[in-house]
Each structure stands twice: as C-alpha cells, then as structure tokens.
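For any residue, its number in the working numbering is found by taking its place in the sequence shown, counting from 1, and adding 2. Beta carbons: idealized from backbone N, C-alpha and C, even for Gly. Just so it is clear, the structure is predicted and the values come from calculations on it, not from any experiment. Please read the structure below before turning to the comments.
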Amino acid sequence: MSTGRADRRGHGHDHGAGASTTRLLVAFAVTAVILVTQVVGAVVTGSLALLVDAGHMLTDAGGLLIALTAARLMARPPTERRTWGYARAEVLGAGAQAAVLLGVGGYALVEGVRRLLADEPVQVAGGLLLVFGVVGLLGNVVSLLVLAGARQDNLNLRAAFLEVGFDALGSVAVIVSAVLIQTLGWTRADAVAGALIALLILPRAVTILREAGSVLLESVPPGLSLPELREHLLEVDHVVDVHDLHVSRIGTGTPVLSAHVVVEDGCFRDGHAPQMLDALQECVAEHFDVSVEHSTFQLEPRQHGGHEHAHHP
Numbered sequence: 003m004s005t006g007r008a009d010r011r012g013h014g015h016d017h018g019a020g021a022s023t024t025r026l027l028v029a030f031a032v033t034a035v036i037l038v039t040q041v042v043g044a045v046v047t048g049s050l051a052l053l054v055d056a057g058h059m060l061t062d063a064g065g066l067l068i069a070l071t072a073a074r075l076m077a078r079p080p081t082e083r084r085t086w087g088y089a090r091a092e093v094l095g096a097g098a099q100a101a102v103l104l105g106v107g108g109y110a111l112v113e114g115v116r117r118l119l120a121d122e123p124v125q126v127a128g129g130l131l132l133v134f135g136v137v138g139l140l141g142n143v144v145s146l147l148v149l150a151g152a153r154q155d156n157l158n159l160r161a162a163f164l165e166v167g168f169d170a171l172g173s174v175a176v177i178v179s180a181v182l183i184q185t186l187g188w189t190r191a192d193a194v195a196g197a198l199i200a201l202l203i204l205p206r207a208v209t210i211l212r213e214a215g216s217v218l219l220e221s222v223p224p225g226l227s228l229p230e231l232r233e234h235l236l237e238v239d240h241v242v243d244v245h246d247l248h249v250s251r252i253g254t255g256t257p258v259l260s261a262h263v264v265v266e267d268g269c270f271r272d273g274h275a276p277q278m279l280d281a282l283q284e285c286v287a288e289h290f291d292v293s294v295e296h297s298t299f300q301l302e303p304r305q306h307g308g309h310e311h312a313h314h315p
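Set out below in structure tokens:
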C-alpha cells in the first residue's frame with residue numbers, strides 16, 4: 003500500500019510568471035532605439051568600443067525580446083500535455099541570452115587584442131564617439147530603472163537586468179575612451195575599452211549559463227543539502243527509512259521534491275497515514291532556507307521494498 007500527495011498549500015501553479023511583461027516591453031523599445039543609434043555611430047566614428055557596445059546592445063534587444071516571449075509563455079496555464087505550463091521558458095530564455103553574450107564577449111576580446119597589437123592604430127572620431135556613448139548610457143539607465151523592480155522575480159528577468167547593466171558599464175567605457183582620445187589623442191583607448199567591455203560580459207554570461215544548465219539538468223537547488231534533507235525526514239515520528247529522494251527545479255522559484263518513505267506498519271492500520279503526509283510536507287516546506295511546497299511522498303510499509311525494482315539510496 004502506498005499513498006502520495008502534492009502541492010501542500012493548494013495554490014496551483016501560478017508562480018507570477020506573467021508579471022513584469024510591461025517592464026520588459028518598455029526596456030526592449032528603449033534598447034532597440036539605442037541600438038540603431040549606436041550602429042550608426044559605430045559606422046560614422048569607426049570605433050571598436052562603440053561597435054562592440056552596439057553588438058552587446060543587439061544581444062540586449064534580442065535578449066529582452068526572448069525574455070518578453072518567455073514571460074508571456076510562463077503566464078500560460080498548465081494543460082493536459084504540459085502539466086507545469088511553460089514555467090521552464092524563463093530558464094531557456096536566460097540560457098539563450100547568456101549564450102549570445104558569450105559569443106559577443108569572445109569576439110570583442112579577440113578584436114580588442116588584435117587592434118592593440120596592430121602596427122597602426124585605427125583612427126576613431128573621439129567627439130562623435132562621446133556623443134553616442136552618452137546617448138547609449140542614458141538609454142541603459144532608463145532600461146535599468148524600468149527593470150529594477152522585477153529583477154529578482156526569476157532567472158529570466160535577472161539575466162535581462164544584468165545584460166542591460168553590463169551594457170551601461172560598456173557605455174561608460176565608451177565615454178572614457180572618447181575622452182582619452184579627445185584629450186590625449188590615444189586612439190588605442192578605444193581597443194582597450196572594447197576589451198574591457200568583453201571582460202565585463204564573459205563572467206556573467208558563464209554564470210547565467212551555469213545556473214540555467216543546473217535547472218535543466220535537474221540539479222539540487224542551491225541552499226538545499228540532500229543528506230541534511232534526508233536526515234530531517236528521518237526525524238519525523240514513525241519514519242523508518244527514506245529512499246529515491248529527488249529534488250530539482252521546474253523554474254527559478256519552483257523547487258519540487260519526491261521521495262519514497264518507509265513508515266511503521268501501524269500507520270496503515272490505525273489511519274495515521276494522512277497525518278504522516280502532513281508532517282513530511284510541513285518538514286520540507288518550513289524547515290529549510292529553500293521552501294519546497296511542491297512535494298510528493300510515497301508511503302510504504304517495511305515489506306514493500308521487496309516488490310520494488312532497484313532504487314536509489
């Protein structure tokens with residue numbers, strides 16, 4: 003005999019996925035306008051830093067479009083075929099953004115080093131570069147203000163916020179290089195700025211890719227220790243053993259847990275099984291830094307193990 007129960011608080015699968023689409027839409031519109039401006043500026047001035055920043059802005063625009071699409075998908079309700087709806091769309095969106103950023107950052111770093119080592123520095127129009135850098139920075143600031151209130155909602159929005167944030171730092175690098183070119187005539191400052199922008203992009207892209215991969219590979223969520231979780235479940239009254247314990251995430255804020263719990267045989271004779279489920283689900287929902295509200299437990303008598311296939315510890 004076995005029994006199970008899930009979603010202890012009965013709040014459904016609405017995890018706020020549809021929120022903040024307006025913020026993303028506004029940020030996308032601002033970014034698209036600045037992108038066109040920077041592309042024109044890069045062509046006119048011949049600046050690598052501005053070209054790289056425009057490329058970064060292109061990934062920002064594409065990333066924000068991906069984030070907007072993912073946010074809309076996440077707002078869709080579950081169906082018979084997709085029981086979690088599109089909750090994982092935010093992870094796919096963040097991973098796509100980070101992958102594009104990684105490519106842009108790699109190109110910027112290689113091209114920056116190439117220009118620094120070139121015999122003749124590329125001539126850059128410092129005055130125009132300064133104007134376009136300031137315009138880009140203002141656009142980034144507007145987008146950051148729009149996204150700031152929702153950046154912790156999920157990985158998708160955090161990736162979008164970080165993209166815009168690092169692009170703002172890139173615009174600052176463009177402005178600094180423009181000032182150096184204007185005041186000192188050091189045209190290689192543009193190549194240095196391009197390489198610095200790349201160094202800003204690459205670590206964050208790798209971090210987001212790693213986190214997205216962790217969710218897709220169904221790794222244990224950060225902040226949860228499987229051995230500690232198992233030990234805590236074993237402390238619940240009448241629990242004899244815990245096996246086939248799995249914890250993963252559907253999306254950034256949706257940890258899920260399943261486990262087979264061996265309990266004393268008397269729990270099935272005296273009707274104590276429902277109380278056991280309450281105790282187990284309260285244990286994983288309230289006693290850890292990461293609250294697991296979507297949990298499923300299979301309660302088993304001692305002799306049930308002989309009927310199962312080989313199981314995990």
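Check: Gly196 beta carbon less than 8 Å from that of Glu113; Outcome: yes
Check: Residue interval of the beta strand (DSSP E) (run including Arg251); Outcome: 241 to 251
Check: Burial state of Asp272, where buried means 16 or more other Cβ atoms lie within 10 Å; Outcome: exposed
Check: Option in Ala281, Ile36, Ala207, Ala44 with minimal Cα separation from Gly108; Outcome: Ala207
Check: Cα-Cα separation, Leu231 to Val264; Outcome: 15 Å
Check: Endpoints, alpha helix (DSSP H) assigned at Ala44; Outcome: 23 to 47
Check: C-alpha distance - Pro79 paired with Val166, whole-angstrom precision; Outcome: 29 Å
Check: Meets three-Cβ-pair contact criterion under 8 Å: the stretch 161 to 177 and the stretch 26 to 33; Outcome: yes
Check: Which listed residue (Ala96, Gln40, Ala34) has its alpha carbon closest to that of Ile177; Outcome: Gln40
Check: Expected contact under 8 Å - CB spacing of Thr33 and Leu75 to nearest Å; Outcome: In fact, because the Cβ distance is near 20 Å, the residues do not count as touching under 8 Å.
Check: Cα-Cα separation between Glu284 and Gly97, rounded to whole angstroms; Outcome: 33 Å
Check: C-alpha gap between Val115 and Leu259, whole angstroms; Outcome: 48 Å
Check: Phe299 vs Leu282 beta-carbon contact at 8 Å; Outcome: yes
Check: 8 Å Cβ cutoff met for Ala170 and Leu139; Outcome: yes
Check: Of the listed residues Gly255, Gly141, Asp192, Met278, nearest to Arg90 (C-alpha basis); Outcome: Gly255
Check: Closer than 7 Å: Leu301 CB and nearest the ligand GTP heavy atom; Outcome: The ligand GTP is not among the ligands present in this structure, which contains no ligands whatsoever.
Check: Helix, strand or coil at Thr71 according to DSSP, with G and I counted as helix; Outcome: helix
Check: For Val258, the first and last residue of its enclosing beta strand (DSSP E); Outcome: 257 to 265
Check: Reduced DSSP secondary structure (H/G/I, E/B, other) of Leu299; Outcome: Checking the displayed sequence, the identity of residue 299 turns out to be Phe instead of Leu. Strand at Phe299.
Check: Reference Thr71; option with closest CA among Leu186, Phe30, Ala100, Ser49; Outcome: Phe30
Check: Best match in Gly48, Ser173, Glu82 for proximity to Val136 [C-alpha to C-alpha]; Outcome: Ser173
Check: Other residues of its chain near Ile183: CB distance less than 8 Å, five sequence neighbours each side excluded; Outcome: Val126, Gly128, Leu131, Thr189, Ala191, Asp192
Check: Where Pro224 falls: helix, strand or coil (DSSP); Outcome: coil
Check: Val148 versus Ala120 - alpha carbon distance; Outcome: 41 Å
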